[in-house]
């Protein structure tokens, strides 16, 4: 995958994570606690400065009451808008 597509996907992940968190009326702190992650980590993800691991994807999707496949589908859909 070329670098620009990776960046687009990373930005789309950040947008979707923030949108899903906010739609559930969760703060970054609340999502971090539910996903067993730090607030700093959530912030880095939501600003496209860090890539999640597979383990983190699972923890985040569980914290948002989504399947990993559903979360990634939302990210793919967002990336296609760009």
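Numbering (my numbering), first residue to last: 3 to 84.
Beta carbons: idealized from backbone N, C-alpha and C, even for Gly.
CB-CB length for residue i against residue j, believed under 8 Å
| i | j | result |
| --- | --- | --- |
| residue 26 | residue 66 | 7 Å |
| residue 61 | residue 37 | 4 Å |
Status (buried if at least 16 other CB within 10 Å, exposed otherwise) for residue i
| i | result |
| --- | --- |
| residue 8 | exposed |
| residue 31 | exposed |
Member of the options whose CA lies at the smallest distance from the CA of residue i
| i | options | result |
| --- | --- | --- |
| residue 24 | 77, 56 and 48 | 48 |
| residue 75 | 58, 14 and 46 | 14 |
| residue 50 | 18, 4 and 83 | 18 |
| residue 70 | 78, 59 and 39 | 59 |
| residue 80 | 35, 68 and 10 | 10 |
Cβ-Cβ distance between residue i and residue j below 8 Å
| i | j | result |
| --- | --- | --- |
| residue 56 | residue 44 | no |
| residue 53 | residue 28 | no |
Below-8 Å beta-carbon distance, residue i vs any chain D residue
| i | result |
| --- | --- |
| residue 73 | The question asks about chain D, but that chain is absent: this structure has only one protein chain. |
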